[in-house]
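Residue numbers (this note's numbering): 1 to 284. Cβ coordinates follow ideal geometry from the N, Cα and C atoms, glycine included.
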Amino acid sequence: MPVLSDVISALDTLWPRAWAQDWDAVGTVCGDPDAEVSRVLFAVDPVREIADEAVAVGADLLVTHHPLYLRGTSTVAADTFKGRVVHTLITNGVALHVAHTNADIADPGVSDALAAALDLRVTGPLAPDPADREGRRGLGRLCALDRPMTLAAFAEHAAARLPATAQGVRASGDPDRPVRTVAVSGGAGDSLFAEVRAAGADAYLTADLRHHPASEAREHAPVALLDAAHWATEWPWCQQAAAQLDAVSERRGWGLRTQVSHRVTDPWILHQPSPSPRVSHPAP
Ligand SMILES: [Zn+2]
1 MPVLSDVISA LDTLWPRAWA QDWDAVGTVC GDPDAEVSRV LFAVDPVREI
51 ADEAVAVGAD LLVTHHPLYL RGTSTVAADT FKGRVVHTLI TNGVALHVAH
101 TNADIADPGV SDALAAALDL RVTGPLAPDP ADREGRRGLG RLCALDRPMT
151 LAAFAEHAAA RLPATAQGVR ASGDPDRPVR TVAVSGGAGD SLFAEVRAAG
201 ADAYLTADLR HHPASEAREH APVALLDAAH WATEWPWCQQ AAAQLDAVSE
251 RRGWGLRTQV SHRVTDPWIL HQPSPSPRVS HPAP
């Protein structure tokens, strides 16, 4: 049976910490390097209900996409919700490891899993990592649809293929415009509009699109926008990551048992459309 340091070094090979953005906080949050690991749980958010689930399923290691302490801390006292998570994990012998922007940029990365969930064919990174000579790593992915569909049909397709959330999928653009090429970025992707424009994608699917960036992107270029729940765009990575660790475990004869949390930790739990929404879209 591997110990935590063995498994962490495998995870660091899949998603090297050096690939994370400067502002990020990735790596191991808690855990004894010499503790044996047999069960690993993957989830998007290191929140209390996920820590409780890790304990309930008997995980020795919880791997999350989002950092617990993105901006550092001076306390892990259990009277803060993050400190409570740390206490729950340590008390029950569960380690926590974070792979965030280093997993975004990897090949395969978070946006590859998103593209696969949407049945899209990836043609390359949206914002390539200049350090990668093969041009495969980077933020976001450019994709093609084997069968073009209208924006309305693609929005419906995305809502059906992504894990279900209260938000579903919002779209901006002419519902009848044909969509042949799509840029995708798991999580908040409004920093990549310039790359989306440069790539000339018909549509851009990401999360957390705010009024001004979305409105201005639409004024700049006729790209259609699709806004999905942040959690839903990143959850497919958990399955991809678990499969990657399974493959390592099989090669090394570790016998790890991996599983993915299906708990929806998107903060939005209710979506009430207006009784008769007034929408306008560009004239054809
Ligand atoms: Zn995220």
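By DSSP's criteria, residue i is part of a beta bridge. Which residues make up the other side?
i, result
"residue 30", "96"
"residue 141", "125, 184"
"residue 67", "DSSP, once it has assigned bridges, lists no residue as partnering residue 67."
"residue 205", "184, 226"
"residue 41", "62, 259"
"residue 149", "179"
"residue 3", "36"
Within the same chain, show all residues whose beta-carbon is closer than 6 Å to that of residue i, passing over the 5 residues directly before and after it, in chain order.
i, result
"residue 259", "41"
"residue 94", "54, 59, 62"
"residue 195", "126, 127"
"residue 236", "113, 114, 117"
"residue 293", "As shown, the chain starts at 1 and ends at 284. That puts residue 293 outside it, with no answer to give."
"residue 67", "25, 98, 100"
Can you tell me which of the three DSSP states residue i falls into?
i, result
"residue 170", "strand"
"residue 130", "coil"
"residue 284", "Note that residue 284 scores a pLDDT of 49, beneath 50, so its modelled location is shaky; the value from the coordinates is reported in the next line. It is coil, neither helix nor strand."
"residue 101", "helix"
"residue 236", "helix"
"residue 87", "helix"
"residue 78", "coil"
"residue 23", "coil"
"residue 273", "coil"
"residue 192", "helix"
"residue 136", "coil"
"residue 14", "helix"
"residue 221", "coil"
"residue 119", "coil"
"residue 278", "coil"
"residue 162", "coil"
Leaving out the 5 sequence neighbours to the left and right, which residues in its chain are closer than 7 Å to residue i when beta-carbon positions are compared?
i, result
"residue 17", "26, 27, 102"
"residue 81", "48"
"residue 129", "105, 137, 138"
"residue 205", "158, 182, 184, 226, 228"
Would you kindly work out how many angstroms separate the C-alpha atoms of residue i and residue j, rounded to a whole number?
i, j, result
"residue 182", "residue 243", "25 Å"
"residue 159", "residue 273", "15 Å"
"residue 14", "residue 106", "8 Å"
"residue 234", "residue 276", "31 Å"
"residue 180", "residue 134", "25 Å"
"residue 56", "residue 223", "45 Å"
"residue 6", "residue 45", "23 Å"
"residue 92", "residue 22", "32 Å"
"residue 37", "residue 252", "14 Å"
"residue 189", "residue 169", "15 Å"
"residue 8", "residue 279", "49 Å"
"residue 284", "residue 218", "Because the pLDDT of residue 284 is 49, which lies under 50, any placement of that residue in the model is unreliable, and the number read from its coordinates should be weighed accordingly. One C-alpha to the other measures close to 15 Å."
"residue 87", "residue 52", "11 Å"
"residue 238", "residue 216", "32 Å"
"residue 287", "residue 200", "Missing from the structure shown is residue 287; the chain here goes from 1 to 284 and no further."
"residue 147", "residue 171", "19 Å"
"residue 64", "residue 29", "10 Å"
"residue 77", "residue 85", "10 Å"
"residue 153", "residue 268", "24 Å"
"residue 108", "residue 124", "11 Å"
"residue 131", "residue 119", "28 Å"
"residue 270", "residue 2", "42 Å"
"residue 34", "residue 211", "48 Å"
"residue 99", "residue 89", "17 Å"
Which residues in the same chain as residue i place their Cβ atom closer than 8 Å to its Cβ, once the five residues preceding and following it in sequence are excluded?
i, result
"residue 112", "122, 141, 240"
"residue 220", "193, 197"
"residue 266", "165, 166, 167, 229, 230, 231, 232"
"residue 150", "175, 176, 177, 178, 179"
Sorry if obvious, but does the Cβ on residue i come closer than 7 Å to a heavy atom of ligand 3?
i, result
"residue 234", "Ligand 3 is absent from the structure shown, which contains only ligand 1."
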